[in-house]
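Just below is one structure, and these are the notes that go with it.
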Amino acid sequence: MTPVGELKGTEPFCKTWEQKPSEGTMCRVSNYVDGRCSSGIAFWPYVIVFQYLLLLKLILLTILFALFSNTGSKFSAESNTLWKLQRYHLVIKFSVSLRLPPPLNIFSLLNILYQISDYIYTWIQNLLKNKIEKELDTITNEGYFSGLECNYWKQLAKDYYDKEEYKKKEEEYTQKEADIIGKLLDDVNLKEDMIYRAKSQIAQLEADIGYTHAHLETLKYRKKNNEEQKLSFSLHSLSRESPYPRTKIQRFPVPR
């Protein structure tokens, strides 16, 4: 804290009055001619200075530090947002600036001028095209139908076209069904023909089997007759052989 002695006027411009306070007609605030100099002996100025220093060093300075700390914490919490904002401003700055630095920016200006002229040319061309189309529509519809009548006949033509398309689709569907039914009938007829041929072949096979069976019976009967004839002949001829057939017994000699 500032000592009391330093509160007295010690500056070069601090000069005291030559007259005493009781002399003269002036009302003096202090003992110095210059109002900036303090007498240093009054009680209330010292109290005021003491209050000022107390508020400044103990309260206001602490509040200032607290404000700095609060501001720093706010900026640290919003640092990412501030970085994004600065980056956004940087991107916007580069987006509106020219591509090439001076003195090469003349080429960028020429490119911009070319794009503007091309845009104007395209706009004028589209405008003229739309105008010509409108004039052609006006010439085509002039003297025929109004807008309402034209829409009515367009709708009527569309309905007629839809009906014709529906009829055509129905005819195509009917034709497809008829083709499918015809193919099925052809398949049925083919199957019936195959069945008839199979039955004919079965009947022929049955007839062949019957004929074969009869032929086998005939052959069997003939074989049986042949065996009987051979047996009768063999018994007569074998009776003269010695030993007897299929035995070891000697035949009694008989003159022939």
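Each number in the numbering used here comes from the position in the sequence shown (counting from 1) with 1180 added on. All C-beta atoms, glycine included, are put in the ideal place defined by N, C-alpha and C.
Simplified DSSP state of residue i, which is helix, strand or coil
i: serine 1275; result: helix
i: glutamine 1430; result: coil
i: leucine 1284; result: coil
i: glutamate 1351; result: helix
i: glutamate 1258; result: coil
Residue i versus residue j - alpha carbon distance
i: glutamate 1258; j: leucine 1265; result: 10 Å
i: threonine 1398; j: leucine 1365; result: 49 Å
i: isoleucine 1300; j: leucine 1308; result: 12 Å
i: leucine 1240; j: isoleucine 1228; result: 16 Å
i: valine 1271; j: isoleucine 1292; result: 19 Å
i: tyrosine 1353; j: tyrosine 1340; result: 20 Å
i: glutamate 1372; j: alanine 1378; result: 10 Å
i: isoleucine 1389; j: leucine 1370; result: 28 Å
i: lysine 1314; j: proline 1283; result: 49 Å
i: glutamine 1295; j: asparagine 1285; result: 15 Å
i: serine 1249; j: glutamine 1231; result: 26 Å
i: lysine 1404; j: glutamate 1386; result: 27 Å
i: aspartate 1342; j: lysine 1311; result: 33 Å
i: asparagine 1331; j: lysine 1338; result: 10 Å
i: glutamate 1329; j: leucine 1316; result: 18 Å
i: serine 1256; j: leucine 1236; result: 28 Å
i: glutamate 1345; j: lysine 1363; result: 27 Å
i: leucine 1415; j: leucine 1396; result: For leucine 1415, the predicted model reports a pLDDT of 48, less than 50, meaning its position is unreliable; a value from the coordinates is still stated below. When rounded, the distance between both Cα atoms is 28 Å.
i: serine 1253; j: asparagine 1306; result: 59 Å
i: phenylalanine 1245; j: leucine 1289; result: 53 Å
i: histidine 1393; j: glutamine 1355; result: 56 Å
i: tyrosine 1401; j: isoleucine 1382; result: 28 Å
i: threonine 1242; j: leucine 1234; result: 11 Å
i: phenylalanine 1223; j: threonine 1251; result: 40 Å
i: histidine 1269; j: valine 1276; result: 11 Å
i: valine 1368; j: tryptophan 1333; result: 52 Å
i: serine 1380; j: aspartate 1359; result: 31 Å
i: glutamate 1407; j: tyrosine 1391; result: 24 Å
i: glutamate 1357; j: threonine 1302; result: 56 Å
i: threonine 1144; j: arginine 1267; result: Lying outside 1181 to 1436, the shown extent of the chain, residue 1144 is not represented and no answer is given.
i: leucine 1247; j: tryptophan 1263; result: 23 Å
Nearest-angstrom beta carbon gap, residue j and residue i [assumed within contact, 8 Å]
i: leucine 1280; j: phenylalanine 1287; result: 6 Å
Exposure of residue i, with buried meaning 16 or more beta-carbon neighbours within 10 Å
i: glutamine 1430; result: exposed
i: lysine 1428; result: exposed
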